[in-house]
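Line by line, the protein sequences are chains L and S.
Counting in numbering that gives the first Met the number 0, the first sequence runs from 0 upward without gaps.
Counting in numbering that gives the first Met the number 0, the second sequence runs from 0 upward without gaps.
Below: one structure, written as structure tokens.
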Amino acid sequence: MPSFVNPEKCDGCKALDKTACQHICPNDLMVLNKQIEKAYNREPEMCWECYNCVKICPTQAVEMRGYADFMPLGAQVTPMRSTDSIMWTVKFRNGMLKRFKFPIRTTPEGKAEPAGGFAEGDGDLRSYELYTGPASHGLKGLTTLKK
Amino acid sequence: MAVNFENVEVTTDLLILGGGMGACGAAVEAAYWAKKNKLKVTLVDKAAMDRSGAVAMGLSAINQYVGIKDGQNTLEDYVRYVRTDLMGVTREDLVASIARHVDSTVHLFEKWGLPIWKDQKGGFVHEGRWQLMINGESYKVVVAEAAKNALKDCGGEIYERVFIVEPLVDGDRIAGAVGFSVRENKFYVFKAKAVLVAMGGAVHVFRPRSTGEGLGRAWYPPWNSGSSAYFTIKAGAEMTCQEVRFIPVRFKDAYGPVGAWFLLFKSAAKNAFGGDYMVERRDELEKWAPYGKAKPIPANLRNWLGMLDVMEGKGPIYMRTEEAIKKLSDAETDEKARKKKLKELENEAWEDFLDMTISQALLWASTNVEPEVRASEIAAAEPYFIGSHSGASGAWVSGPEDLLAGNPKAKQDYFWGYVNMCTVKGLFCAGDASGASSHKFSSGSHAEGRIAAKSAIRFVVDNGTQPKVDAAKVEELKKMVLRPLQTFEDNCRKTTDPNINPNYIRPKMFMFRLQKIMDEYSAGVSAQFSTNKHLLERGQELLGYLKEDAEKLGAEDLHELMRCWENVQRMWQAEAHVRTVLFREETRWPGYYYRADFPKMDDANWKVFANCIYHPDRKEWEMKKRPIHALVD
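Structure below.
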């Protein structure tokens with residue numbers, strides 16, 4: 000742990016060229032045990048509990064068990080992430096359940112256009128203005144300190 | 000070699016190192032200017048860009064938005080705020096340079112698809128004066144997407160899962176970088192005309208409060224291992240503010256954010272006896288005037304007042320979440336509105352954690368905490384190196400000429416040609432990699448990445464020759480970088496347990512040794528954030544042995560090889576820190592560290608930057624003072 004893999008759900012991402020959790024883990028923790036074709040967290044004490052492996056797993060095989068050195072057992076926090084929102088189910092140690100849903104983005108996946116639709120500036124490499132300025136400031140020019 | 004490593008050589012014009020907010024900003028801006036000038040851009044990330052860097056989990060707020068277009072604040076306001084928070088030690092030119100571009104960056108984020116909370120009039124919802132509330136679960140995904148789209152458009156390249164170790168230099172100019180793949184046996188040699196460093200700050204230099212499984216639950220992510228500091232130090236760059244670490248006071252153990260509670264919900268933190276240290280210890284602030292008397296009170300001084308309570312045995316310290324929520328919902332007059340408000344606050348409170356520190360939600364659930372019912376403990380975390388937040392450590396970089404034009408002395412000291420270039424020609428820094436320009440956070444780091452990238456492209460246009468890379472030097476570095484694999488392979492069968500072997504040290508134990516030295520001698524948690532000359536000198540002696548033993552690091556596989564180098568990077572960050580804490584003979588940021596032998600602020604001698612340079616040729620450190628110039632009243 001902290002992230003752990005349910006062997007009944009993990010299929011080793013057979014359909015992909017590498018496992019999704021291994022692809023995404025920012026700390027290079029998730030690996031595939033090639034003998035049993037299941038993923039695992041090789042260094043749980045270096046896990047940030049960022050949930051990226053949980054969110055990305057195509058079979059919902061990855062879950063989180065809170066850090067054993069300070070979290071009492073029994074709670075669960077489970078995300079379901081779609082293209083525009085995320086749904087969280089929070090299960091308390093005492094059994095209480097809470098659900099939350101939040102938006103995650105306002106544009107279709109893949110459609111973040113670098114200039115954001117702002118007009119290009121004057122293209123002067125030697126000025127301190129950046130390429131979407133001044134339009135992206137919402138101003139007529141670059142702000143400077145009062146002399 | 001025990002294992003064969005293929006050399007992969009990549010020649011480019013601009014090499015961007017890192018994949019977080021600073022690097023993504025750099026990619027977007029560099030792509031535009033590179034395309035215009037027919038140049039090549041290459042970006043190298045140790046992880047997957049969609050979820051790499053400090054924003055990998057998401058964020059619940061954008062902490063830097065100045066609001067210039069709506070007249071909410073001015074550049075000068077932001078400079079004054081940062082200067083006060085850092086107790087007078089800040090590069091005002093750099094802070095203003097970022098602040099004048101950060102709103103534009105936030106406007107781009109919104110267009111790319113980041114949901115920013117809006118009020119009924121369509122304006123941004125402010126958490127505080129400079130802070131905006133966001134639905135930030137996919138903040139990094141959206142920002143990385145724009146960067147990747149930009150690089151694709153200019154014909155640039157992205158290398159993921161390549162860990163950068165060492166700089167390549169040609170005389171006084173940067174020439175590239177070397178590193179290795181953490182997935183396959185490949186040694187990378189990147190040759191570039193300019194290099195932009197944005198590889199984050201450093202975590203796990205100090206022993207964390209949790210040392211079991213919870214070791215990984217640092218406030219700032221554990222994969223930020225001081226790669227930026229190491230790279231710039233080893234390239235021979237002048238470094239600044241290496242003593243200015245950051246200690247965040249956060250919800251205890253899981254390190255959930257407190258910003259929404261303090262700023263949005265107007266919550267108070269109180270000791271176990273109900274006392275509010277911000278009220279009861281107000282007199283202490285006089286000692287740290289003028290900064291102690293300013294509003295908002297600097298973060299380190301707020302820390303300090305809480306620490307005094309803890310040292311007097313008044314803990315635990317609680318964030319009174321239940322009082323704050325009651326006060327806000329009681330403001331509604333009828334019962335229905337009150338219930339609606341309560342539900343809204345509950346949602347906001349949980350989202351704050353679920354967007355950026357899910358562990359804290361898990362800790363609440365595992366201890367049956369409903370914030371509207373009971374308070375939660377807060378505590379000072381271990382020290383971190385994060386020049387983008389309220390710390391200030393990083394490389395000493397050139398400011399923009401136009402902002403320095405009115406002050407000839409400042410221009411002489413702070414300007415050398417290209418904004419955000421450090422003292423090594425062609426080496427640019429952004430985010431946690433550049434120092435003395437705190438409070439840029441996620442948005443400002445992105446803006447600074449853009450500023451540095453445009454500047455770097457300009458450098459390449461002006462300096463079109465490819466620097467020379469000595470092939471023999473590359474082979475020497477390859478041998479050095481891969482040595483831990485060889486050491487392990489040569490010796491691992493000499494004992495019955497590969498973990499206990501007199502011929503090598505594995506990276507985890509090496510890290511624990513570093514953390515113990517830093518914690519006990521350099522003002523870590525167990526030393527109550529206090530140190531003195533004698534402790535620091537003893538710490539230096541022990542760091543010396545550690546540095547010798549770094550030659551004997553052993554790695555079983557590529558993953559462990561990365562861990563070896565991460566910890567060498569941490570060790571160099573530690574050395575720069577200890578040297579600078581020793582050099583500055585005063586206490587200026589008592590809530591970050593306390594020099595017990597110099598317990599007061601000493602403006603006459605120390606209202607300066609404390610800088611250091613490592614000279615790779617003679618393997619010596621040099622310490623120097625640099626003047627502070629005020630550009631704003």
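Think of the CB as a built atom: it goes at the ideal place given N, C-alpha and C, for glycine as much as any other residue.
Bear in mind that the values here come from a model prediction, so they are computed numbers and not experimental data.
query                                                                                                                                                                                     : result
Considering only the alpha carbon of each residue, which of Glu381/S, Val88/S, Glu334/S and Glu136/S lies closest to Tyr290/S?                                                            : Val88/S
Closest to Asp469/S by CA distance: which of Leu307/S, Ala174/S, Glu550/S and Tyr77/S is it?                                                                                              : Ala174/S
So which residues on chain S does Gly150/L lean against when the C-beta distance must stay under 8 Å?                                                                                     : Nothing in the structure corresponds to residue 150/L, since chain L is present only between 0 and 146.
Give the secondary structure of Leu9/L by DSSP, where H, G and I count as helix, E and B as strand, and everything else as coil.                                                          : According to the sequence provided, residue 9/L is Cys. The question's Leu does not apply to it. Three-state result, Cys9/L: coil.
At 4 residues or longer, and completely inside the stretch 545 to 630 of chain S: list those alpha helix (DSSP H) runs for me, N to C.                                                    : 557 to 582 and 602 to 605
Please work out which residues of its chain come closer than 8 Å, Cβ to Cβ, to Ala526/S, disregarding the five sequence neighbours upstream and downstream, and give them in chain order. : Asp518, Glu519, Tyr520 and Leu534
Could you work out which residues of chain L lie near Gly213/S, taking near to mean beta carbons separated by less than 7 Å?                                                              : Tyr66, Asp68 and Phe69
Indicate the three-state DSSP secondary structure (helix, strand or coil) for Val238/S in the structure shown.                                                                            : The residue asked about is misnamed: residue 238/S is Met in this sequence, not Val. Reduced to three states, the DSSP call for Met238/S is strand.
Closer than 8 Å between beta carbons: that is the criterion. Which residues of the stretch 17 to 31 of chain S meet it against chain L?                                                   : Val27, Glu28, Ala30 and Tyr31
If you reduce the DSSP assignment to three classes, tell me which class Asn72/S lands in.                                                                                                 : coil
Run down chain L in chain order and give the residues with a C-beta less than 8 Å from the C-beta of Trp349/S.                                                                            : Trp87, Val89, Lys97 and Phe99
Can you pull the chain S residues whose beta carbon is under 7 Å from the beta carbon of Ala74/L, in chain order?                                                                         : Leu361, Ala364 and Ser365
If we require 4 or more residues per run, which alpha helix (DSSP H) segments fall completely within the stretch 234 to 285 of chain S?                                                   : 276 to 279
Pick helix, strand or coil for Arg492/S, following the three-state DSSP scheme.                                                                                                           : helix
If you measure from the beta carbon of Ala60/L to each beta carbon in chain S, is any gap under 8 Å?                                                                                      : no
What do you reckon, are the CB atoms on Ala228/S and Leu14/S nearer than 8 Å?                                                                                                             : no
For Gln572/S, count neighbouring C-beta atoms within 10 Å of its own C-beta (all shown protein chains included) and say buried if the count is 16 or more, exposed if not.                : buried
Roughly how many whole angstroms lie between the Cα atoms of Ser387/S and Ile504/S?                                                                                                       : 33 Å
So, for Gln63/S: in the same chain, excluding its five sequence neighbours on each side, which residues have a beta-carbon less than 7 Å away from its beta-carbon?                       : Val101, Trp129, His438, Lys439, Phe440, Ser442 and Gly443
Pull up the distance between the alpha-carbon of Ile97/S and that of Pro220/S, whole angstroms please.                                                                                    : 24 Å
According to a CB-to-CB cut-off of less than 8 Å, which residues of the stretch 9 to 22 of chain L neighbour chain S?                                                                     : His22
Give me the Cα-Cα distance between Asp10/L and Asp333/S, rounded to the nearest whole angstrom.                                                                                           : 54 Å
Could you check which residue in Lys147/S, Asp496/S, Ala451/S and Phe162/S has the C-alpha nearest to that of Ala193/S?                                                                   : Ala451/S
Just reading off the alpha helix (DSSP H) that Asn299/S is part of, what are its end residues?                                                                                            : Ala298 to Met310
Suppose you measure from the CA of Ala114/L to the CA of Pro71/L; what does that come to, to the nearest Å?                                                                               : 47 Å
Measure the alpha-carbon distance for Arg80/L versus Glu7/L and round it to whole angstroms.                                                                                              : 21 Å
Is there at least one Cβ from chain L nearer than 8 Å to Met198/S's Cβ?                                                                                                                   : no
Thinking C-beta only, is Met561/S closer than 8 Å to Cys49/L?                                                                                                                             : no
Under a CB-based cut-off of 8 Å, is Ser103/S close to chain L?                                                                                                                            : yes
Using the Cα positions of Ala374/S and Trp363/S, report the straight-line distance between them to the nearest angstrom.                                                                  : 11 Å
Indicate the three-state DSSP secondary structure (helix, strand or coil) for Trp415/S in the structure shown.                                                                            : coil
In whole angstroms, give me the CA-to-CA distance for Lys551/S and Pro506/S.                                                                                                              : 10 Å
Nearest chain S C-beta to Leu124/L closer than 8 Å, yes or no?                                                                                                                            : yes
For a test of your reading of the model: does the CB of Ser226/S fall under 7 Å from any non-hydrogen atom of the ligand FAD? Yes or no.                                                  : You won't find the ligand FAD in this model; it holds no ligand whatsoever.
Kindly list the residues whose CB is nearer than 7 Å to the CB of Gly19/S, restricted to its own chain and excluding five residues on each side of it in sequence; keep chain order.      : Ser51, Gly52, Ala53, Val54, Ala197, Gly199 and Gly430
With a 10 Å radius around its C-beta and 16 neighbouring C-beta atoms as the bar for buried, classify His203/S as buried or exposed.                                                      : buried
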